[in-house]
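Structure first, then comments.
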Amino acid sequence: MVVKRSILSLLIVIFLISGFSLQAQSLNFEARELNEEGIAFTINGSYGQALEKYDIALDIDPDYVEAFDNKASAYYLLGEYDKAIEQYDLILEIQPDDVMTITKKGMAFSKKGDYESAISMYDQALVSIEKYLTKTSGSNTSSNTDPEIALSEEKEEITEEETIVLYHKAQAMDSIGRHDEAMKIYGSFLELQMKRSSYYYEEATTAVEKGKASKAVTLYDEALKIDPDNTTIWYHKGQAYESFGEHENAIEAYETVIKFDPNNIDAWWSKAQAHEILGENGQTIEAYKKVTDLDPYNIDAWFRLGEAFRSAEKYQEALTSYGQVIKLDPDNAKAWQKKGMVLDLIGRYDEALISYDKALGIDPDTIEKIYLQNPAISQLNTNLQNPAISGLNTSNEENCYDPTPDFNMESTKIWFDKGSIYLKQGQYENAVESFDKALELETNHPSVWYNKAVALDELGRKSEAVESYTAALKKDPSCSQAWYQKGFDLDALSRYNEAVSCYRKAVEIEPEFTLAWYAFALELDHLGKYDDAINAYNMVIEQKPDFVDSYYRKGRILTKLGQYQEAHDVYQTALTYEPANQAVNTQMQVTLSKMERLNISSSVPVVSSSLAGPSLFDMFQVIDMDNEYYAQIDANDISSDDVDLIGVEPHADDAWFAQGNALLNSGEYAAALSSYNKAILINPGSSEMWFMKARTLDMQGRQIEAIESYRKAVELDTDYRDAWFYLGQDYSNIGDHYHAVECYDNALDINPKDTESLFMRGLSYDKLGNYESSLASYDKLLELEPDNIEGWQYRGDTTYKLGDYESAIMSYDKVLEAEPNNIDVLFAKALALNKANRTEDAIASYDHIFSTETEDPSVLYHLAEEYENMELYGRAINCYDAILANDPNNTKALNMKGFTLYMSGNYNGAMYHYDMVLEIEPNNAAAWYNKGTAAYLTSSYVASSDYYSRAVELHPNSITAWYNMGYIANILGDVEDAIGYYERALQINPMSKSVLYNKRFAHYRIGEAVSGETEMKKLEGIDPGFEEALDDRGTKFFLPQEYDPTISYSLPDRWYDDSESNIIKTVSE
1 MVVKRSILSL
11 LIVIFLISGF
21 SLQAQSLNFE
31 ARELNEEGIA
41 FTINGSYGQA
51 LEKYDIALDI
61 DPDYVEAFDN
71 KASAYYLLGE
81 YDKAIEQYDL
91 ILEIQPDDVM
101 TITKKGMAFS
111 KKGDYESAIS
121 MYDQALVSIE
131 KYLTKTSGSN
141 TSSNTDPEIA
151 LSEEKEEITE
161 EETIVLYHKA
171 QAMDSIGRHD
181 EAMKIYGSFL
191 ELQMKRSSYY
201 YEEATTAVEK
211 GKASKAVTLY
221 DEALKIDPDN
231 TTIWYHKGQA
241 YESFGEHENA
251 IEAYETVIKF
261 DPNNIDAWWS
271 KAQAHEILGE
281 NGQTIEAYKK
291 VTDLDPYNID
301 AWFRLGEAFR
311 SAEKYQEALT
321 SYGQVIKLDP
331 DNAKAWQKKG
341 MVLDLIGRYD
351 EALISYDKAL
361 GIDPDTIEKI
371 YLQNPAISQL
381 NTNLQNPAIS
391 GLNTSNEENC
401 YDPTPDFNME
411 STKIWFDKGS
421 IYLKQGQYEN
431 AVESFDKALE
441 LETNHPSVWY
451 NKAVALDELG
461 RKSEAVESYT
471 AALKKDPSCS
481 QAWYQKGFDL
491 DALSRYNEAV
501 SCYRKAVEIE
511 PEFTLAWYAF
521 ALELDHLGKY
531 DDAINAYNMV
541 IEQKPDFVDS
551 YYRKGRILTK
561 LGQYQEAHDV
571 YQTALTYEPA
581 NQAVNTQMQV
591 TLSKMERLNI
601 SSSVPVVSSS
611 LAGPSLFDMF
621 QVIDMDNEYY
631 AQIDANDISS
641 DDVDLIGVEP
651 HADDAWFAQG
661 NALLNSGEYA
671 AALSSYNKAI
681 LINPGSSEMW
691 FMKARTLDMQ
701 GRQIEAIESY
711 RKAVELDTDY
721 RDAWFYLGQD
731 YSNIGDHYHA
741 VECYDNALDI
751 NPKDTESLFM
761 RGLSYDKLGN
771 YESSLASYDK
781 LLELEPDNIE
791 GWQYRGDTTY
801 KLGDYESAIM
811 SYDKVLEAEP
821 NNIDVLFAKA
831 LALNKANRTE
841 DAIASYDHIF
851 STETEDPSVL
861 YHLAEEYENM
871 ELYGRAINCY
881 DAILANDPNN
891 TKALNMKGFT
901 LYMSGNYNGA
911 MYHYDMVLEI
921 EPNNAAAWYN
931 KGTAAYLTSS
941 YVASSDYYSR
951 AVELHPNSIT
961 AWYNMGYIAN
971 ILGDVEDAIG
981 YYERALQINP
991 MSKSVLYNKR
1001 FAHYRIGEAV
1011 SGETEMKKLE
1021 GIDPGFEEAL
1031 DDRGTKFFLP
1041 QEYDPTISYS
1051 LPDRWYDDSE
1061 SNIIKTVSE
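Position 332 (the sequence shown) corresponds to 332 in UniProt numbering; numbering is contiguous.
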């Protein structure tokens, strides 16, 4: 299989190599300028204009080698490979050992399909490299001229230069079927790439150790471009992101680790921590649960899981998690304390006190300290615990409602005062109870509702507190503190949008309420309403300029929005108040790193080769390890030294892709799929890589997965005809013909003369029952390809289904002109002739088949069936005789011939053939059954019943055999036996009307009236009309109308005198 790849024009930093690459620079300034202009045109795809510039340059300086090379590249990109080769030959006249030129000439030969010449060029390049290495090593020995030395066992190490040339040689080999040799070379290339990946990884680790996490991420990315499914690199990339606060990116990295290694406990743990920091309870719980599944004895994971459940108000689950901690570590004070808190929240106070006492007994300093350290509680509540907030302005009045309201009843005042005392003493349950008593008497005082809400808050009963604050505010909405407290509680309940509304009301009522502004800002920030959040932080800063946290959080938002300079300025202002603030300093560094990365986004870093001299790898883009080595390229000042226009060096994704192709060509589908997956991880935007992955999945029979990959290919390239076509085929294969038609339509939009897609669309329309559209597709196909035999055959089938039998016959004749002995088409034509009432022609067609095919049993069986359908029993028997002439003991043919004799009325002849079957196969149930039927028709009732008995011994579930035995027993007067046979039949089908009817009369016949009436009621319940239809006529003996080797016939629902279903005709021919 030859896989085509598009040419990529790549701008790549290169250094010219003495002995390996072009050297001749023109001394003429005008020629150099024209060459530069030509390069710019080439890069922009204006190859004709580029060639004009190169030609003028060469007129000025006929020995300008670089211009020859760039002119060759322009021809190469135009697809004019012979002209490119001519230019390379001109260069090689001047520099016969130039490796780059020889390699490019080989690439041109490959593109024109002359792979043998290409391989010869690559071998020449390898010899030139060997000459150069011998020369630079100072050896006096003559250089080796055998290109195979590069891969021989004598060679200690393959150089990077040789690997690149060998890569192109491998592609040529793969194209001419030398897959094993190609795979060996791809392996060498990828081994070299993996060494480079390890180098990046080690340098990234060093960067992390030096505190340069942002630089480390860049290095990890370079490593992953080569080794995309290396979970160690992905994990450490996540760790690097976390070190400068980019938790969302860290989570993506951990999730990639988990994708490749679902049981990587470190990735699950780090993912859980990142979600916890972001306040994402659901994801936090999921990740910690996975950690505890993988390590049931992990105390920290159980504790953090409990914290996440508690934050999500899943208190029972939290108790279970803390319980696991205590089970593993009975002296864990934190777990006892948190268990007590949860028990307190759900009203199990006695148990809560026991847990608190247990915690205090282990560590008296546990309570409160732990609460402040817990990162899993809601973002807002955490931030509002910050001691720095104590300097923010609170509401002007702690309680903006009247602390001594006037009540109508003295008893109400007493309950209110009592509640207020309890509130001051911290007896919150008693306080709530007292306020409830007051409210039972008078409900219109906001102060009572407010104070009750405060007590409920202290008890942690946030939902009830919200209800009480709401009641207070309904009575009097002017209290900013009540709005603020309600917002605070709504946040704790994760009702963030409602909290925002409350904080907004608080600051509208009291604009100097700084703490409310801060809470408002935090909430907006948490919801991603960044513009409003920035405005709220600005109000906090205006009212309290030295409150550093607002600068910090405002800066974080600006960073998220990509406004790095503004974020930098905000952090600088914050540091004027607190120069040592670690959080602000860290974010300042993160922002500076991002700004630095953006500023160098067009830079191409360089690292020198480890070889003695410069190598071909120095020509290609690689990452450097220190900023001072970054090389800046001015897009307006590109010289030929800086350009590889046709992409000589393959990147890692190219190598993985090429290896996948070679493996696929060798039939190693699993390995090929692995290589394609790596290529896609590096370059997910390649439609061709997705397509080849899909083809591989197809070859493994994995159509559902293949469909996903084909869909990705067409998403990336809507004009990818092959992807649409094969996607349609896979939809057809899984029975989704509707989507198959859509795919073929898309292929036909790209090429309306695509006969393959027309044919497949016709098949899909046929499967959908849309025969008119199917016919239209076949007609269009045949218009383009009038000699398409398969198209004519399927057109005939479609017109037959449409009832246009003459058109079907015409289509089949087209096939038979080319293939006169096509049995399938001869049968189809005969059927169409019969349907067109051309009976004689149909018979003649069948007779023609018989005359040409007397050896193939499958054809003869089919032909006999068609003769039988036309009641031409004699001809059918001739077919069976033809089979038996070659195979006298063929019991299938004997049985079917016996059945045909039975259908023709020759019952004795039928029994003779059944006996022949039974001599060969004594346990052939169909022969016993059919012999019983024939015996009945010759009035041999006892023998008939005996034969049926043998049949049901072999096939006990033959209801018609039991029924007929009952029928015969009734004729013979053995009524009780008849009832027994009918009962066996009813065990198979209790609802059989025919059996119930006959059994009813059998009961009457021997005086069992009650039983008879019982059967009659059953009949009336099933089908009252059945009795009326049969009372004057009775049922009949069951006579089969078609051969069934399993004797699984069904009894008719109704029997009518004019029914022909039980009449055997003798048909003369």
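Built from N, CA and C at the ideal position, the CB exists for glycine as well.
Measure the C-alpha to C-alpha separation of D266 and A318 and round it to an integer number of angstroms. 23 Å
Beta carbon of A1002: closer than 8 Å to some heavy atom of the ligand SAM? Because no ligand of any kind appears in the structure shown, any question about the ligand SAM cannot be addressed here.
If you reduce the DSSP assignment to three classes, tell me which class P857 lands in. helix
Of the residues T443, S480, D436, Q427, the one placed nearest Y401, counting alpha carbons only: S480
Complete alpha helix (DSSP H) runs within the UniProt repeat "TPR" (687–720) (minimum length 4 residues, chain order): 687–699, 703–716
In chain order, each alpha helix (DSSP H) run of at least 4 residues that lies wholly inside the UniProt repeat "TPR" (857–890): 857–869, 873–886
Would you tell me roughly how many angstroms separate the C-alpha atoms of D559 and N535, rounded to the nearest one? One detail in the question is off: residue 559 reads as Thr in this sequence, not Asp. Distance between the alpha carbons of T559 and N535: 16 Å.
Three-way DSSP call (helix, strand, coil) for P820 in this model: coil
Presumed contact (8 Å Cβ cut-off) between V208 and W234, rounded CB distance: Wrong, their Cβ atoms sit about 14 Å apart, outside the cutoff.
Considering only the beta carbon of each residue, do D749 and Q793 sit closer than 9 Å? no
Using C-beta distances below 6 Å, list every residue in its chain close to G1012, excluding the 5 sequence neighbours before and after it, in chain order. R1000, H1003, Y1004
I need the boundaries of the alpha helix (DSSP H) containing A776, first residue and last residue. 771–784
Answer yes or no: do S494 and E255 have a C-beta to C-beta separation smaller than 9 Å? no
What are the boundary residues of the alpha helix (DSSP H) that R1005 is part of? 993–1005
Pair within 9 Å by beta-carbon distance, L681 and P228: yes
For N263, the three-state DSSP class (helix, strand or coil): coil
So, does the segment 973–992 touch the segment 956–963, judging by three or more C-beta pairs under 8 Å? yes
Can you list, in chain order, the stretches of the alpha helix (DSSP H) that have 4 or more residues and sit fully within the UniProt repeat "TPR" (333–366)? 333–345, 349–362
The alpha helix (DSSP H) that contains H526, what's its start and end? 514–526
Measuring straight from C-alpha to C-alpha, what distance separates E756 and M100? 42 Å
Using a threshold of 9 Å, state whether the C-beta atoms of H739 and Y731 are closer than that. yes
Looking at the structure shown, is I176 part of a helix, part of a strand, or coil, going by DSSP? coil
C-alpha gap between S478 and V466, whole angstroms: 16 Å
Would you report the Cα separation of K4 and D654, rounded to the nearest angstrom? Model confidence at K4 stands at a pLDDT of 27, short of 50, so the residue's coordinates are unreliable; what they give is reported in the following sentence. Answer to the nearest angstrom: the Cα atoms are 12 Å apart.
Going by DSSP in three states, G667 sits in which element: helix, strand or coil? coil
S338 to Y469 span [Cα, whole Å]: Rather than Ser, the amino acid found at residue 338 in this sequence is Lys. Approximately 28 Å, taken between the alpha carbons.
Can you tell me whether S615 is buried or exposed, with buried defined as 16 or more other CB within 10 angstroms of its CB? With a pLDDT of 30 at S615, under the threshold of 50, the predicted position of this residue should be treated as unreliable, though the coordinate-derived value follows. Buried, because 16 or more other Cβ atoms sit within 10 Å of the Cβ of S615.
Rounded C-alpha distance that separates G874 from A893: 14 Å
Through-space distance from G932 to I1064, alpha-carbon basis: For I1064, the predicted structure reports a pLDDT of 38, less than 50, and the residue's modelled location is therefore unreliable. A value from the coordinates is still provided. Rounded to whole angstroms, I1064 to G932 spans 15 Å at the Cα level.
With burial defined as no fewer than 16 other Cβ atoms inside 10 Å of the residue's Cβ, what is the status of N444: buried or exposed? exposed
By the three-class DSSP mapping on this structure, what secondary structure does L616 have? The pLDDT assigned to L616 is 26, lower than 50, so where the model puts this residue is not dependable; a value taken from the coordinates is nonetheless given after this. Correct three-state label for L616: helix.
Cutoff 6 Å; reference A679; Cβ partners in own chain excluding five residues on either side: D653, W656, F657, M689
Taking 9 Å as the threshold (C-beta atoms), are D82 and I91 in contact? no
Ends of the alpha helix (DSSP H) at R495? Careful: R495 lies outside any alpha helix (DSSP H) and carries neither H nor E.
Which ranges does the alpha helix (DSSP H) cover as unbroken runs of at least 4 residues, wholly within the UniProt repeat "TPR" (231–264), from first to last along the chain? 231–243, 247–260
CA-CA distance, E868 and A910? 15 Å
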